[in-house]
Structure formats: C-alpha cells, structure tokens
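**Student:** Protein chains in written order, with my numbering: chain A, 1 to 188; chain H, 1 to 163. Don't be surprised by glycine CBs; every beta carbon is placed ideally from N, CA and C. Computed from a predicted model, the values in this text were never measured in an experiment.
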Amino acid sequence: MENKTINQIWEQQPSTLPQFPSREIIKKAATQRRNQKTGIAVMCITVGILILYAIWQFPDEINMFIAGLFLMIASLVVRIAIEIASNWRKVSGMVHLDGKQYLDYLKRFYHWRKRIHFIITPLCFGGYIFGLLQLFPYFKREFSEGFYIYLIVSGSLSIAVIAVIIINQVRKELVFLKSITNQKARVS
Amino acid sequence: MTEAEFTSTYNRLYPKIYRLCLGYVAGDEAMARELSQQTFIKVWNHGSSFKGDSDISTWIYRIAVNCCLGQIKKKRPLKLEIDPAIMDNSEDANEEENPAKNIQQRYGCIDQLKTINKTVILMELEQIPQEEIATTLGYSHGSIRTRLSRIREALLKCMTHGK
Chain A
1 MENKTINQIW EQQPSTLPQF PSREIIKKAA TQRRNQKTGI AVMCITVGIL ILYAIWQFPD
61 EINMFIAGLF LMIASLVVRI AIEIASNWRK VSGMVHLDGK QYLDYLKRFY HWRKRIHFII
121 TPLCFGGYIF GLLQLFPYFK REFSEGFYIY LIVSGSLSIA VIAVIIINQV RKELVFLKSI
181 TNQKARVS
Chain H
1 MTEAEFTSTY NRLYPKIYRL CLGYVAGDEA MARELSQQTF IKVWNHGSSF KGDSDISTWI
61 YRIAVNCCLG QIKKKRPLKL EIDPAIMDNS EDANEEENPA KNIQQRYGCI DQLKTINKTV
121 ILMELEQIPQ EEIATTLGYS HGSIRTRLSR IREALLKCMT HGK
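Spelled out as structure tokens, the structure:
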C-alpha cells in the first residue's frame, strides 16, 4: 500500500455540507454568550443579596439556620465561580494558542483542575452538607413529621446525585490528563 | 468579522473542519458535528481576537485543532456512512478494497497515533498546505515534513499488517 493509496482511501468519504446554516451558528453563539453573562449576573446578584442580608440580619440575630443557609449558598457560589473561570481559561487558550502550546496549556490546566477537585471541591461539598445539616433541627420543629422525612430523603438523594456527577467528572478529567501527559501510543 | 464574511468562511471551511474532527474522534459523527459547531461558535464569538497576522483559515484550523485536543468526552462506537455510489462501485472488489472497511481501518490506525500526530496527518489528508499545518500546530515546516514521513510510514505499516 502506497502513500497515494492512503490519500485515495481518505477521499472516498462523502463530502459533508454544514449541518446548520451560518445564521443558526451565529444564533447559537449569541445564546451561548448570553447564557454565560446571565450566569455571572445571577451569581453576582446572589452574592450581593447575601451580603446585604448579612449586614441587615447578623447584628441582631445569628442562628444556625441562617449560618447553614449561608454556608450552602456560599459553597455553591464558590464552586460555580470556579467552573466559570475554568471554562473561560480553557476557551481563551483555545483561541489564542497554537496546537503545541495548547497541549502544554491543557496539561497545566488539568493539573490545576486536579488540585481544585482534590482540595476545593471536597471543602465546598463538605460545607454544603454541613450547612444542610444545620437546617434539619429547624425543619423538624417547623414542619410535620412526614414532610421532615421527605426533606431528609430528598436532601440525601440530591447529595448522592451531586456526588456521582462530581466523581464522574473528576474521573473523566483524570483519564484525559493521563492520556495527554503519558502517551504510550502504539504507532509513531 | 461581518456576517457575510463569516458565512462565506463557514461554507468554505466546514467540510474540511468536519472531516478533521471526524478523523480525530475515530469516526464518531455526532461528536465531530459538535466539535465543528463549537469551532465556528468560537470563531464568531472571538472574531475580534483575530489580528490578521496569518490567514483566517489558519486561525480557524487552530481553533478546530484545539477544540479536538481539548475534548474529553468518550468516543462512541464507529458507525460510518459511505457514499452509496462508492459502495456500488466496489461490489465486485475484494474485501481489502472495501471503502467502508478501509476508512474504518484508517480511523483505527489514526486513533493509535499520538495526539499531535493525529492532527498532523488529518490536516495533511485534507490537503492543507504543510506551511499552514506548521503554523497551526506551532512547529517548523521541516519538523512537520519529518513527522509526516514517520506518520505515513507508521500508518502504512498499521494498515498493511493491522498494527
């Protein structure tokens, strides 16, 4: 088999026309950008409301319910902020770097993500669970027993689902990091 | 970049970008479509980042290659559609000349290459000039020429002996 044959085989693939017209791509691009801006705006507003609420409420009354709620929201905000920053860093490199530089950049990026996953994420996750646990005595006092049990079950289930999603994502990223740092390819 | 410029570039480069991505993900058509789409979304959203110090196609190939390099989703099993006309013409051919099988085998061999080498050979197969491949990937022209010669040798060996 010769080099010419390699090219001939490749050319046997059918020619592909764009799946969407360009206007559709522009629309999707605008939606993506708008969603990013909305996400950041929602997060900033949440943080603003939390700070205002703290200034208004804390001098008079600090209870475990408010502290727990704060801890839960703060954990989520920190984790979401890290995700937005990660995505921004990854896309920025994608647009500005050549292939060789980007591959090196990806190695550094996923090493950084590994530190996030093993240090910051467990802290956020622990903070979220601890915050949630602070709410349960209040739920028990304020709600019926049936609804209290429902809150315990749904809370535990949602934590389990979040844990599975996080573990899957971490595993995927670690496999990817391994594949780009330690390539033992059979060919070339 | 105006909408008209984007449309013209999109229509001109989409087939090459799609096939480049398709080869990179070993024939996973859904993923290749997603990567191609992401490439052009980034081209439109970051059009102001293009300084004009290279050809626009080089900048777009660079984004496409980087999209491929950075994708971490698992590839789905290969399900390749071959032009029926080609299949009809190959009815009498023996198994080794079957286009679908050959291309699947090709994807398999390319998938065994190192990440950067995969992009080098895929760009070469799309007949992108070597100078442009070098600029896109950040290597010298000479280095790309040497790599290509080694990759082609390895590919031929893989396709002939299956490894």
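Please name the residues in the stretch 51-70 of chain H whose beta-carbon is closer than 7 Å to at least one beta-carbon of chain A, in chain order.
**Tutor:** So the list reads ARG62, ILE63, VAL65, ASN66, CYS67, LEU69, GLY70, given in the order they occur along the chain.
**Student:** Which of helix, strand or coil does DSSP assign to GLU142/A?
**Tutor:** If you number the first sequence from 1, residue 142/A lands on position 142. Three-state DSSP puts GLU142/A in a helix.
**Student:** At a Cβ cut of 9 Å, what residues of the stretch 79-103 of chain A count as close to chain H, listed as they run along the chain?
**Tutor:** Under the 9 Å Cβ criterion, the stretch 79-103 of chain A contributes LYS90, VAL91, SER92, GLY93, MET94, VAL95, HIS96, LEU97, ASP98, GLY99, LYS100, GLN101, TYR102, LEU103.
**Student:** Output yes if chain H places a C-beta closer than 8 Å to the C-beta of THR16/A; else output no.
**Tutor:** For this step, residue 16/A is matched to residue 16 along the first sequence. True, the Cβ-Cβ gap to chain H drops below 8 Å.
**Student:** Within a Cβ cutoff of 7 Å, which residues of the same chain sit near HIS141/H, ignoring the five residues on either side of it in sequence?
**Tutor:** Along the second sequence, one-based indexing puts residue 141/H at 141. Closer than 7 Å at the Cβ level, and outside the excluded window around HIS141/H, lie GLN130, GLU131, ALA134.
**Student:** Can you tell me whether GLU91/H is buried or exposed, with buried defined as 16 or more other CB within 10 angstroms of its CB?
**Tutor:** Within the second sequence, the letter at position 91 stands for residue 91/H. Any reading at GLU91/H must be qualified, since the residue scores a pLDDT of 45, below 50, and its modelled position is unreliable; no value is offered.
**Student:** Can you name, in chain order, every residue of its own chain whose Cβ lies under 6 Å from the Cβ of VAL78/A, other than the five neighbours on each side?
**Tutor:** Locating residue 78/A in the first sequence gives position 78, where the first residue counts as 1. Excluding residues within five positions, the ones whose Cβ falls inside 6 Å are CYS124.
**Student:** Chain H partners of LYS172/A, CB-CB under 9 Å?
**Tutor:** One-based indexing of the first sequence puts residue 172/A at position 172. The contacting residues are ILE72, LYS73, LYS74.
**Student:** If the cut is a Cβ gap below 8 Å, which residues of chain A does GLY142/H touch?
**Tutor:** In the second sequence, residue 142/H corresponds to position 142, counting from 1. Under the 8 Å cutoff, chain A gives no residues; its nearest Cβ is about 15 Å from GLY142/H.
**Student:** Helix or strand or just coil, what does DSSP make of LYS166/A?
**Tutor:** Translated into positions along the first sequence, residue 166/A becomes position 166. The amino acid at residue 166/A is misidentified as Lys; the sequence shows Ile. ILE166/A falls in the helix class under three-state DSSP.
**Student:** Can you name the residues of chain A whose CB is closer than 9 Å to the CB of ILE103/H?
**Tutor:** For the purposes of this step, residue 103/H is identified with residue 103 of the second sequence, where counting begins at 1. By Cβ distance, chain A contributes ILE9, TRP10, GLN12, GLN13.
**Student:** By DSSP, does PRO122/A sit in helix, in strand, or in coil?
**Tutor:** To locate residue 122/A, count along the first sequence from 1; it is residue 122. If DSSP states are grouped into helix, strand and coil, PRO122/A belongs with the helices.
**Student:** Figure out for me which residue from MET94/A, ILE180/A, TRP112/A, VAL164/A has the closest Cα to the Cα of ASN66/H.
**Tutor:** As a working note, residue 66/H is residue 66 in the second sequence. It is MET94/A.
**Student:** Suppose only complete runs of 4+ residues qualify. What are the alpha helix (DSSP H) ranges in the stretch 2-30 of chain A, listed by chain order?
**Tutor:** If we require 4 residues or more, the alpha helix (DSSP H) runs fully inside the stretch 2-30 of chain A come out as 3-11.
**Student:** So which of PHE136/A, LEU151/A, VAL175/A has the shortest CA-CA distance to PHE65/A?
**Tutor:** Numbered from its first residue, the first sequence carries residue 65/A at position 65. It is PHE136/A whose Cα lies nearest to the Cα of PHE65/A.
**Student:** Say whether chain H places a C-beta atom closer than 8 Å to the C-beta of ILE167/A.
**Tutor:** Position 167 of the first sequence, counted from the first residue, corresponds to residue 167/A. Output row for ILE167/A: interface = no.
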